[in-house]
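> If you read the sequences in order, they're chains A and B.
Under our numbering, read the first sequence as residues 9 to 319, first letter to last.
Under our numbering, read the second sequence as residues 530 to 784, first letter to last.
Where is the CB? At the ideal position from N, CA and C, for every residue including glycine.
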Amino acid sequence: MTHILQIDGLTKRFHDWERFSPRAKTVLDGISFEVAPGEIFGFLGPNGAGKTTTIKILMGIIRPTSGTARIMGHDIVEQSQQVKQRIGFLPENPYFYDYLSVGEFLTFCAALFGITGRAAAATTDRLLELVGMRHAARLPLRKCSKGMLQRTGIAQSLVNDPDFLVWDEPVSGLDPIGRKEIKDLMLELKRQGKTVFFSSHILPDAETLCDRVGIIVGGRMHRVGTLPELLKDSVSWVEVVAEGLPAGFAPAGAKTELIAGQSIIRLDDAAGLDGALKAIMQAGGAIVSVNPQRENLESYFARQVRSAGNL
Amino acid sequence: MNRIWAIAANTFRETVRDRILYGLVIFALIVLPGSRLVISLSVGQEIRILKDFGYGAIALFGLLIAVISGTALLFKELDKRTIYVLVAKPVRRWELLVGKYFGLLATLLLAFLIMAATLAGTLLLLGGKADGLFWLTIAGLYLQLTVVTAVAILFSTLASPALGAVFTFCVYIAGTAADQLRLFADRMPGPVLRLAAKGVSYAIPNLQNFNFRTESVYGLPADPAKVWLMLLYAVLYAAFTLILASVILERKDLK
Numbered sequence: 009m010t011h012i013l014q015i016d017g018l019t020k021r022f023h024d025w026e027r028f029s030p031r032a033k034t035v036l037d038g039i040s041f042e043v044a045p046g047e048i049f050g051f052l053g054p055n056g057a058g059k060t061t062t063i064k065i066l067m068g069i070i071r072p073t074s075g076t077a078r079i080m081g082h083d084i085v086e087q088s089q090q091v092k093q094r095i096g097f098l099p100e101n102p103y104f105y106d107y108l109s110v111g112e113f114l115t116f117c118a119a120l121f122g123i124t125g126r127a128a129a130a131t132t133d134r135l136l137e138l139v140g141m142r143h144a145a146r147l148p149l150r151k152c153s154k155g156m157l158q159r160t161g162i163a164q165s166l167v168n169d170p171d172f173l174v175w176d177e178p179v180s181g182l183d184p185i186g187r188k189e190i191k192d193l194m195l196e197l198k199r200q201g202k203t204v205f206f207s208s209h210i211l212p213d214a215e216t217l218c219d220r221v222g223i224i225v226g227g228r229m230h231r232v233g234t235l236p237e238l239l240k241d242s243v244s245w246v247e248v249v250a251e252g253l254p255a256g257f258a259p260a261g262a263k264t265e266l267i268a269g270q271s272i273i274r275l276d277d278a279a280g281l282d283g284a285l286k287a288i289m290q291a292g293g294a295i296v297s298v299n300p301q302r303e304n305l306e307s308y309f310a311r312q313v314r315s316a317g318n319l
Numbered sequence: 530m531n532r533i534w535a536i537a538a539n540t541f542r543e544t545v546r547d548r549i550l551y552g553l554v555i556f557a558l559i560v561l562p563g564s565r566l567v568i569s570l571s572v573g574q575e576i577r578i579l580k581d582f583g584y585g586a587i588a589l590f591g592l593l594i595a596v597i598s599g600t601a602l603l604f605k606e607l608d609k610r611t612i613y614v615l616v617a618k619p620v621r622r623w624e625l626l627v628g629k630y631f632g633l634l635a636t637l638l639l640a641f642l643i644m645a646a647t648l649a650g651t652l653l654l655l656g657g658k659a660d661g662l663f664w665l666t667i668a669g670l671y672l673q674l675t676v677v678t679a680v681a682i683l684f685s686t687l688a689s690p691a692l693g694a695v696f697t698f699c700v701y702i703a704g705t706a707a708d709q710l711r712l713f714a715d716r717m718p719g720p721v722l723r724l725a726a727k728g729v730s731y732a733i734p735n736l737q738n739f740n741f742r743t744e745s746v747y748g749l750p751a752d753p754a755k756v757w758l759m760l761l762y763a764v765l766y767a768a769f770t771l772i773l774a775s776v777i778l779e780r781k782d783l784k
C-alpha cells in the first residue's frame, strides 16, 4: 500500500426529485488524488466546491455515482467495514445526541467498536484528557458550547485509535486558543504516524499545518501538491537589498527606498531582476540579499478560484 | 451483536428521556384509575367494563408511543445529522435499524409494564383479579405493537414523521379489520382487481391475531394454537418488515 487514500474519477450527481427535476446536478466531477501515509493533507475549496460531498462519500454517508475510492487499500463501498474499523471521522458542525452527557457519548462510541466495560471507561478518560474536557465528562451535550462540541467530536473520532483521520472543518468555530490546541493535536497525531485529511476554510492554518494540499473548485480537483510546489511559480515581486549606492539610484521598473544606509529595491516584475543586478553593480553598489516574495496560500487560493470562474 | 445492543441501549435512553413519552405514560396512569368514575354507573358490569376500557387505553397509549417514536427515530438522526457519526463507524445500516427497533421495544415494554400494573391494581381494588388471561391479553397488545413499530420504522425510511405516522395509523386501522378486508377482497369484481385487493389485504398485518380481549373480558378459554400463531406471526412479520426497511435504507443517500 503506497497511498492511504486513493481517489480515482469520483463523481456524484444528485437528482432533485423534490422539485420533480429530471436533470441531475453534478456536484463532484471525476476527481482524482492520493494521500500518502503519515501526512497532513488539507482539502481546500470555496463553499459548495464539493469538499463535504467527497468526505461524505469516503465515510459511506452517500454513495458515489461513479469512480472509486480506496482507504488503506480497501474499497470504500465494497469493503466499508474494514475501512471503518481504522478511520476516525469528525463531521462539519458536529451535533450529537443532546440527551447524553459528554462521557456517555464517548462510551457509546467506544461500544460501537466493541470497547466496553473498564476498557471503555479508560478510553473515555484518556480522550477527555486529550481534548481538555475532563471537567465536562458529566455535562449534557445540549449544554456544550460550539467549541466543546468540536472537542467532543474530535475525541469521538479518536475512540478506536485510528490510522487515518478525516476531519471536516476541524477548526471552524473555535477561538484562537482552541484552534492552536487542535493544530497542536494534529501535529502530535502526525508525529504518532497517523494520517490527517482535513477540509478547511481557514487557509493560514492549512498553510502552517499541511504537508500537501488539494484545491477543489466547482466539483473538480484544481491543484494537488506540496505548498512549495504550488507556490513555486507564484513570485509576485522581488526585493533586492544593496549598499553603497548613490542617492536617488533606481533601476528601470523598480522603486528604491533608503533605510538605515541600505537601499531596498522593489521589482514588481521578477523578469527584470538580471538587469537590475547589473545596474546595481555598474553603479558601484554591493548586493546584500535578493529576496523573491512569494504569494501566501490565501492569495494563491483566491487566484486559483478566480481563474476557475468561481469568484 | 455488541453494536446492536449499544444502539438499542442508546435508543432506550433517548426515548425514556423524551418528555412526550413521560407525558403519555403519566396521562395513562391518570386515565386508568380514573375509569372508575365511568364504570361506577354500570352496576354489575364494573370489572368487564374496566378491563375493556383498560385494554383499549393501553393499546391506544402504546400505539401513540410506537408511532410517534418509531416514525421520528430515523428522521431525527438525519435531521440533526447525528447519523453521520454512526454510519462512519463500523455499523451496518441494518444494525442501526434493528438496534433502534429493539431499543424502542424496550421502552414500550417499560411503558406497558407500568400501565398494566396500574390496570391490575385498579382491578384488584374493585374486587377483580389480574389472572393469566389478563396478562395474555396484555402480551397480545404488546406483540401487536412490535409489528406496528416495525411498520413505523419502515415508513420512517420512506417518508417524513408526519406522513409516516399517518401511514402507520392507516395500517393499524386496516390491520385491526384484516379479516373483514380479506372477505371484502373476495367480493371484488374481476380476477385482477380481486387478486390485487387480496394481495393488499394479506400485506397488511392481521392485528386481529393478537386480540385476546374478548376471552379476557368474558372469561372464555384462550386457544393455545392462537397464542403460538400470534408469536410466530409477530416475529415473521416484524422480521420481514425490518428487512424491507434495511434494503431501502441501504440504498439511501443520508443527506
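My guess is that A/ILE288 and A/PRO259 are in contact by the Cβ rule of under 8 angstroms, so how many angstroms apart are they, rounded?
7 angstroms
> Keeping to the same chain, check which residues put their C-beta closer than 8 angstroms to that of A/LEU319; ignore five residues upstream and five downstream.
Because the pLDDT of A/LEU319 is 46, which lies under 50, any placement of that residue in the model is unreliable, and the question is left without a value.
> By alpha-carbon positions, which one of A/PHE51, A/ILE12, A/ASN168, A/ARG159 ends up nearest to A/GLY140?
A/ARG159
> What do you get for A/SER191, buried or exposed, if any count of 16 or more other CB atoms within 10 angstroms of its CB means buried?
Position check: residue 191 of chain A holds Lys in this sequence, whereas Ser was assumed. With 16 or more other Cβ atoms within 10 Å, it is buried.
> Express the C-alpha separation of A/ILE95 and A/ILE123 in angstroms, rounding to a whole number.
15 angstroms
> Just checking: is the beta-carbon of A/LEU319 within a distance shorter than 9 angstroms of some beta-carbon in chain B?
Because A/LEU319 carries a pLDDT of 46, less than 50, the predicted location of this residue cannot be relied on, and no value is offered for it.
> Three-state secondary structure (DSSP) at A/GLN200?
coil
> Alpha carbons only, please: which of B/TYR762, B/LEU602, B/LEU589, B/ARG622 is nearest the one belonging to B/ALA645?
B/LEU589
> Since B/GLY693 and B/ALA703 are thought to touch, with beta carbons under 8 angstroms apart, how far apart are those beta carbons, to the nearest angstrom?
With a Cβ gap of about 16 angstroms, B/GLY693 and B/ALA703 do not count as contacting.
> Buried or exposed: where does B/GLU624 fall if 16 or more other Cβ atoms within 10 Å of its Cβ makes it buried?
buried
> Buried or exposed: where does B/ARG532 fall if 16 or more other Cβ atoms within 10 Å of its Cβ makes it buried?
In this structure B/ARG532 is buried. Its beta-carbon is surrounded by 16 or more other beta-carbon atoms within 10 angstroms.
> Leaving out five residues on either side along the sequence, give the residues of the same chain with a beta carbon under 7 angstroms from the beta carbon of B/TYR630.
THR678, ALA679, ILE682, LEU771
> Any C-beta of chain B within less than 8 angstroms: which residues of the stretch 119-135 of chain A qualify?
ALA119, LEU120, PHE121, GLY122, THR124
> Between which residues of its own chain and A/PHE104 is the CB-CB distance below 6 angstroms, once the five residues before and five after are set aside?
PHE113, LEU149
> For the beta strand (DSSP E) containing A/VAL232, name the first residue and the last one.
228-234
> Given a cut-off of 9 angstroms, decide if B/LEU607 and B/LEU783 are closer than it, judged by their beta-carbon atoms.
Here B/LEU783 is near B/LEU607, since their CB atoms are less than 9 angstroms apart.
> Measure from the alpha carbon of B/ALA774 to the alpha carbon of each residue in B/GLY583, B/LEU593, B/LEU603, then state which is nearest.
B/LEU603
> Applying a beta-carbon distance threshold of less than 9 angstroms, which residues of chain B neighbour A/LYS92?
VAL616, ALA617, LYS618, PRO619, VAL620
> Check whether chain A comes within 9 angstroms of B/ILE597, counting only Cβ atoms and requiring the distance to be less than that.
no
> Can you list, in chain order, the residues of its chain with a C-beta nearer than 6 angstroms to that of B/GLU526? Leave out the 5 residues immediately preceding and following it.
The requested residue 526 of chain B is not part of the displayed model; chain B covers only 530 to 784.
> Quickly, what does DSSP pair B/ILE772 with across the bridge? List them, please.
Answer by DSSP bridge pairing: none, since B/ILE772 is not bridged.
> Looking at chain B, which residues of the stretch 52-70 of chain A have a Cβ within less than 8 angstroms of any of its Cβ atoms?
LYS64, MET67, GLY68, ILE69, ILE70
> Please work out which residues of its chain come closer than 8 angstroms, Cβ to Cβ, to A/GLY252, disregarding the five sequence neighbours upstream and downstream, and give them in chain order.
GLY292, GLY293, ALA294
> Ignoring anything shorter than 4 residues, give me the alpha helix (DSSP H) runs that lie fully in the stretch 133-203 of chain A, in order along the chain.
154-165, 184-199
> Measuring CB to CB, does A/LYS92 end up less than 9 angstroms from B/LYS618?
yes
> With B/THR600 and B/PRO734 assumed to form a contact (beta carbons below 8 angstroms), what rounded beta-carbon distance in angstroms separates them?
With a beta-carbon spacing of about 16 angstroms, B/THR600 and B/PRO734 fall beyond the 8 angstroms limit used to define contacts.
> For the stretch 719-740 of chain B, list every residue whose C-beta sits within 7 angstroms of some C-beta in chain A, in sequence order.
none
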